[in-house]
Structures are given as C-alpha cells and as structure tokens.
Amino acid sequence: MFNKEDAFSRFIKTTDYNTNDFIYNISEQWWSRLYEYPWAGKFADKYDICLDAACGIEHHFKYYLAENCKKVYCCDLDERLKDREYVFSYVKEYFGEEAYNRILRNTEKITFDVCNLSNLPYKDKSFDKIYCISVLEHMSLSDRLNTFNEFKRCLKDNGIIILTMDYPSVNLNEFKEQLDNTNLKFKYGYDFNIPEECLVSEIYPGLSCFRAIISKT
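In terms of the UniProt record's numbering, the sequence shown has 35 at position 35, counting the first letter as 1, and numbering is strictly consecutive.
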C-alpha cells in the first residue's frame with residue numbers, strides 16, 4: 001500500500017526507507033536500487049497485471065512483482081530472456097539456492113518478451129501498472145518520447161507509471177516537456193528542487209535519483 005507522500009514525485013532522499021534485502025541481496029554497487037526497489041514496490045497490488053519495462057536479467061524487481069501481483073510481463077532488449085530457464089538459473093548461480101527456490105514459487109506468473117520499449121508487443125490498455133526503473137537515462141530523447149507514447153497506449157485509463165531516473169543524466173525540464181507532449185502528467189504532484197537530504201552516489205559523484213508517478217491526463 002502507498003500513501004500520498006509515497007506517490008509524490010521528487011528526488012530520493014537519504015532519509016527514505018532503504019534495504020539491501022529485496023527478494024535477494026542488492027549489491028552496494030547498485031546504490032540507488034537500495035531505495036528505488038522498496039519505494040516502487042509499495043505500488044504493487046495482488047490484482048495487478050503489470051509490466052517491468054527493461055527488466056534486465058539479474059535484476060530483482062520482476063520477482064518482487066511476481067510475488068505481489070496477479071501477472072507480470074517483463075521485457076528487455078537482452079536476447080537471453082528467450083531462455084526462461086537461463087534467466088531463473090542465473091539467480092541460483094549468483095545469489096544462491098535460497099534465492100532461487102524463492103523465485104521459483106511464482107515463475108508461472110512471469111512472461112518474458114524481447115522487444116524495444118518504443119515498440120511494445122502488447123495490446124492497448126493492457127496494464128494496471130508499468131514500472132521502469134533507472135532506464136530513461138540510457139535512452140535518446142526520441143526513443144524516450146516514443147516509449148512514453150507506448151506506455152500511454154498500453155496503460156489502462158486508471159493505471160499509473162512508476163519511474164525512476166538518474167539526474168542530471170535526465171534533464172527534468174525536458175522530461176516534463178515530453179510528458180506534456182504525450183498527454184501524460186504527474187499523478188500526485190512533483191517538486192524538481194534538490195533537497196538537502198538528496199541521495200547522491202558515492203560511486204558516481206554528483207549523480208542522484210528522481211522518482212515519479214505518472215498517469216494519463
């Protein structure tokens with residue numbers, strides 16, 4: 001469950017809840033995931049059909065969604081997603097038997113697709129929630145705009161998009177302009193001001209993380 005503060009779009013703060021135990025251990029190298037995953041996870045609901053957009057191979061979040069949602073579609077450009085057993089066995093190899101046994105309880109809820117976010121293979125209004133965690137910073141402006149259009153097409157009318165992104169890798173004013181151009185909006189308000197308690201990477205100096213909840217206008 002989430003409250004209004006959880007749903008407010010802003011920079012992630014050092015005072016926000018964080019954990020390295022999320023289905024299985026999160027590496028310290030993934031400095032922002034310690035905060036992003038538990039925050040984004042608050043929006044999962046047992047009745048949801050959701051999309052983990054650019055899900056990755058070793059990444060934890062798809063398995064959290066499988067534990068907490070009705071159905072999870074996971075897409076990425078990585079061709080290894082075509083081999084389900086490889087994806088699941090990756091967890092066993094790198095995170096251990098206990099983590100592997102845990103994810104196996106809900107793998108029947110997971111569907112993998114290899115595709116580009118700017119050309120999704122899903123029907124209109126398919127998803128209650130679309131999650132896209134630390135992906136936008138890796139995309140060109142044109143690909144990002146096309147992706148927003150695809151997210152909007154695939155999102156149910158009352159659905160939400162849960163996003164995180166690296167800053168200043170993503171220019172927030174450009175981000176908002178693209179939302180405006182695709183008739184998407186911040187669902188529960190936003191603040192682009194950098195707070196005193198802003199989380200800043202010790203590995204990549206100057207890098208921070210913005211979180212956003214987006215809906216159709």
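Cβ coordinates follow ideal geometry from the N, Cα and C atoms, glycine included.
All values derive from a computational prediction rather than experimental measurement.
- Where Ile103 is concerned, the enclosing alpha helix (DSSP H) starts and stops at Glu97 to Leu104.
- Note that the C-beta distance between Gly189 and Phe8 is below 8 Å.
- In the DSSP assignment, Asn25 is bridged to Asp21.
- Membership of Gly41 in the alpha helix (DSSP H) is indicated by the continuous run Arg33 to Gly41.
- Shown here for Tyr100: same chain residues with a beta carbon closer than 6 Å to its own, the five before and five after excluded, namely Val91 and Lys92 in chain order.
- With a 10 Å radius around the Cβ and a threshold of 16 neighbouring Cβ atoms, Thr147 comes out buried.
- The beta carbon of Tyr167 sits closer than 6 Å to those of Ser208 and Phe210, all from its chain and outside the five residues before and after it, given in chain order.
- The Cβ-Cβ distance between Leu117 and Glu79 does not fall below 8 Å.
- Beyond the five residues adjoining it in sequence on each side, Arg33 comes within less than 6 Å, by CB distance, of Ile26 in the same chain, given in chain order.
- For Asn18, the CB contacts under 7 Å within the same chain, skipping 5 residues up- and downstream, are Leu34, Tyr35 and Pro38 in chain order.
- For Ile161, the beta-bridge partners assigned by DSSP are Ile130 and Ile214.
- By the neighbour-count definition (other C-beta atoms within 10 Å, threshold 16), Ser134 is a buried residue.
- Residues of the same chain with a CB within less than 7 Å of the CB of Asp16, apart from the 5 flanking positions on each side, are Tyr35 and Trp39 in chain order.
- For the pair Lys4 and Phe43, the Cα-to-Cα distance works out to about 11 Å.
- Residue environment: Gln178 is assigned as buried (16 or more neighbouring CB atoms within 10 Å of its CB, all protein chains considered).
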